[in-house]
Structures are given as structure tokens and as C-alpha cells.
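Asks: Please see the structure below; I have some questions.
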Amino acid sequence: MGDFPFVNAGGKRVMSLLAPNGTQTILAIPFPSSLSSIPLSIHRGGAAGPHMAEATFHSWSTEKVDVTIGPLRYRFRKRLDSQTGLGKLTWGNRKGEFFLREGTSEDSGVLVAQFVPRTTSTFGTSKVEGTFQIRKPGLSAAQFEEVVITGIFEMERRRRKAEGYAFNLATFTAL
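This is the structure in C-alpha cells:
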């Protein structure tokens, strides 16, 4: 699959996931100007492209996030049931790394993806650079989207909860 740069799209609140060649925008995330109740959306192509996914964050109640990816619906905090055939999945963090494993434990199961911050980044700041790596080979397009999108939304949920997961520039890497 290759490396997928996740870059600022020219505005300080719009991020884009680019194709491996860096010239085509796969998806865009226009971030709201505040931590309001406005859902966070992801669009195919640029920020004006067709709606692809959306998340509503419940910071004052369950701390869960409601996610819609096309016809698929999720409600999760860390753990989710894949709707693309990956089974139970758990997002976790350890020693500054953010990762997704198959199963219900952060300690065991096949590593599906991970976000590794750059050594120059500091968690707890508003911007963390790093690499999002897809570690499980053979993901379908729907599985790749599920992993990437739930990862973006889970990192944003954690950032909103002030656990230090904010990001500005990252690269999505498929191994």
C-alpha cells in the first residue's frame, strides 16, 4: 500500500491524507475551531468532497465516540467490533505509542496499526508529528478505511480528553 502522508491542507484546521505519491488527496478532515459539539467529519478527496465519515464525541457522559463510516455505525472508547471482518479491536497506548490490536487486550493480539510519534514531538502539546503504520498485511480497502478513520477519531477523542494525543502532521504507512 505504501506511505500515506497526513498533512496540513493549507488551512490551519484542515488535514489531508494523501496518496503515496503525495499528489492526490484521499481524504480531508476539517477540524472545528473549538471543542464544540459539532461532529468531526472526514471527506473523500478535499474538504469540499463527498462526506465519508463522521464522529460525535461524548466527553461529558460516556467519553465514547459515535462514528459513522458510510452505512457502518460504531460507538466505542478504545474497543470496537470491526464491521469489516477484523473481529474485536482495541486501541491502546504504551510508552508514547498509540496502537491497534486484534482482540480485547492492549497486551496481546495481532498488531494491526500503530502511531509512533517523532522523537522531536512532545505529547501534551497541541501538535505531535509521527507515523501511522498499518502493520497487518492484506487489508481490504474497507478494512484500511476502518482502521485509519477509527484511529483518527480515537486520537482526537483522547486529545479532547487531554491525554496528550493531538497531532498536526503524520504519515500513514502501510507495511
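Numbering (this note's numbering), first residue to last: 728 to 902.
We put the beta carbon where it would ideally sit given N, CA and C, even for glycine.
For a test of the three-state rule: what should DSSP assign to A868, helix, strand or coil?
Replies: As a first step, residue 868 must be located in the sequence shown, where it is residue number 141. Note: A868 maps to helix in three-state DSSP.
Asks: Which residue's Cα is closest to the Cα of P777: P766, I753 and K791?
Replies: Within the sequence shown, the letter at position 50 stands for residue 777. Minimum Cα distance to P777 is reached at I753.
Asks: In this structure, does DSSP put R885 in helix, strand or coil?
Replies: By 1-based counting over the sequence shown, the position of residue 885 is 158. Here R885 sits in helix by DSSP.
Asks: With V792 and R886 assumed to form a contact (beta carbons below 8 Å), what rounded beta-carbon distance in angstroms separates them?
Replies: The sequence position of residue 792 within the sequence shown is 65, counting from 1. The sequence position of residue 886 within the sequence shown is 159, counting from 1. V792 to R886, Cβ: 12 Å. No contact.
Asks: Counting only runs of 4+ residues fully inside the segment 779-808, write out the alpha helix (DSSP H) ranges in chain order.
Replies: none
Asks: On the three-state DSSP scale, how would you describe I765?
Replies: Here residue 765 is taken as the residue at index 38 of the sequence shown, counted from 1. Looking at I765 - three-state DSSP - the assignment turns out to be coil, as it is neither helix nor strand.
Asks: Based on the DSSP secondary-structure assignment, which residues constitute the bridge partners of N820?
Replies: Here residue 820 refers to the residue found at position 93 when the sequence shown is read from its first residue. According to the DSSP secondary-structure assignment, N820 is paired through a beta bridge with F825.
Asks: Could you tell me how far apart the beta carbons of I769 and I876 are, in whole angstroms, since I believe they sit closer than 8 Å?
Replies: Taking the first residue of the sequence shown as position 1, residue 769 is located at position 42. Taking the first residue of the sequence shown as position 1, residue 876 is located at position 149. I769 to I876, Cβ: 6 Å. Contact.
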